[in-house]
Structures are given as C-alpha cells and as structure tokens.
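In our numbering, the protein residues as written are 2 to 128.
Report on one structure; see the data block that follows.
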Ligand SMILES: [Mg+2]
C-alpha cells in the first residue's frame, strides 16, 4: 500500500534528503518549501502524512498546522523541531500532533516512525 508523504521544510537540503529517503517503494513524496506551499499541496494532493518543519520564515510550522487542520482534521503529522523547542512541541501536541523528531534526526529512525504512525492509523481505521 503506497502512502503519500508531504515533506515541508524551508531548507532545500532537508527536502532533498527526505525525498531520497522516502521516494521509493512504499511512498510517493510531495515537497513544499514553505507553509503556504504546504497548504496548496494539502489541498491539491491530499497527503496521508506530513513531515512538518517548525521553523520556517513567513508562515511557520505551527501556523501551517492550524490551517491544515481546518482543511483536513484527521491528517497525520510528524513535526521536525530543533533541540530545546519544547514550547513549540507542546503547542503542536494541542493541535493533535502525536510524534516529533529533533533535528538532526536519524533517517532510519524517522523511517521507522513514519511507518509506525501509518500502521497505527490503518489499524485504527480497520477497527
Ligand atoms: Mg527550517
């Protein structure tokens, strides 16, 4: 079963890394370089899961999250934070985000986490 993964990060290096890490086999990867672009991609592509950077110029990850929840309240989100951003983590959890990774993350751990979140969601949906 293929999952559509939206990667949102203002840094091209991170987008490229995550594209390489996920765009094979089980995933179709969509990229966005800003919060605004993320909203467009959510509307156009309806991803199953989002990897969302929190620190971005313009619309940051939390603001994007607020808007995305209005479009699709059940979308799965894993956020990417910097070390020590505990307030941001707490805010995102209030918006229903259950998982986060701290940059710099281990790509294999992130793969495992994405798989876990998708698997748990599928289990819940099939009862
Ligand atoms: Mg950033």
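A virtual CB, placed ideally from N, CA and C, is assigned to each residue, including glycine.
A check of alpha carbon separations from residue 45 across 6, 26 and 87 identifies 6 as the nearest.
Taking 6 Å as the cut-off, the C-beta of residue 104 does not count as close to any heavy atom of ligand 1. Under DSSP, residue 54 forms a beta bridge with 81. By the Cβ criterion, the segment 70 to 86 is in contact with the segment 46 to 62, since at least three pairs of Cβ atoms, one from each stretch, lie closer than 8 Å. Residue range 36 to 46 is occupied by the alpha helix (DSSP H) that includes residue 40.
As a beta-bridge residue in DSSP terms, residue 103 pairs with 82.
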